[in-house]
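Once you know that position 62 of the sequence shown is 62 in UniProt numbering, the rest is easy, because the numbers rise by one and skip nothing. Notes for the one structure printed next.
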Amino acid sequence: MSETVSKPVTLSDSATRRISSILSKSEGNPSLRISIEGGGCSGFSYKYDLTETREDDDLLIERDGARVLVDPVSLAYLDGSVIDFVDDLMGQSFQIRNPNAVASCGCGTSFSV
1 MSETVSKPVT
11 LSDSATRRIS
21 SILSKSEGNP
31 SLRISIEGGG
41 CSGFSYKYDL
51 TETREDDDLL
61 IERDGARVLV
71 DPVSLAYLDG
81 SVIDFVDDLM
91 GQSFQIRNPN
101 AVASCGCGTS
111 FSV
């Protein structure tokens with residue numbers, strides 16, 4: 001009997017390349033921390049920080065030189081999400097395709113559940 005292992009948060013190829021590029025230009029051995037905080041026009045917002053601190057209960061996602069940390073509280077809101085990086089005429093930004101979000105604002109950084 002085979003068991004399917006799901007990934008609570010995944011990185012797109014473009015996000016992996018961008019995060020890897022950012023981390024390679026940073027001093028030390030940082031990771032990108034993605035967290036959820038209250039606020040924003042829809043109730044919650046995504047927060048991105050470079051950090052060298054990893055807590056014992058953080059989810060660590062490593063792929064091709066990209067390292068992303070997610071704390072357990074934020075993971076509850078991000079479960080099943082795909083982190084993407086978009087570079088188009090409107091600009092460059094990380095975007096999170098979050099299946100738990102029932103609404104989001106036009107800026108793409110705020111959502112509600």
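By construction, the Cβ of each residue, glycine as well, lies at the ideal position given by its N, Cα and C atoms. Note that this is a predicted model, so its numbers are computed, not measured.
- Taken in chain order, the complete alpha helix (DSSP H) segments of 4 residues or longer contained in the region 15-94 are 72-78.
- A Cβ-Cβ contact shorter than 8 Å links Val-70 with Asp-58.
- Taking the Cβ atoms as the reference, Asp-84 lies roughly 6 Å from Arg-97, within the contact range of under 8 Å.
- The continuous beta strand (DSSP E) containing Val-9 extends over residues 9-11.
- Around the CB of Ser-24, fewer than 16 other CB atoms lie within 10 Å, so the residue is classed as exposed.
- Contact annotation: Ser-31 and Lys-47 have beta-carbon atoms that are not nearer than 8 Å.
- If the five residues before and after Thr-16 are omitted, its C-beta is found closer than 7 Å to the C-beta atoms of Arg-63, Asp-64 and Ala-66, all from its own chain and listed in chain order.
- If you check the CB distance, Leu-50 and Pro-8 do not come in under 8 Å.
- Around Ser-12, the same chain offers Val-82, Ile-83, Asp-84 and Phe-85 as residues with beta carbons nearer than 8 Å, after the five sequence neighbours per side are excluded.
- Only residues of its own chain outside the window of five on either side were considered, and among them Asp-64, Gly-65 and Ala-66 have a CB closer than 7 Å to the CB of Ser-20, listed in chain order.
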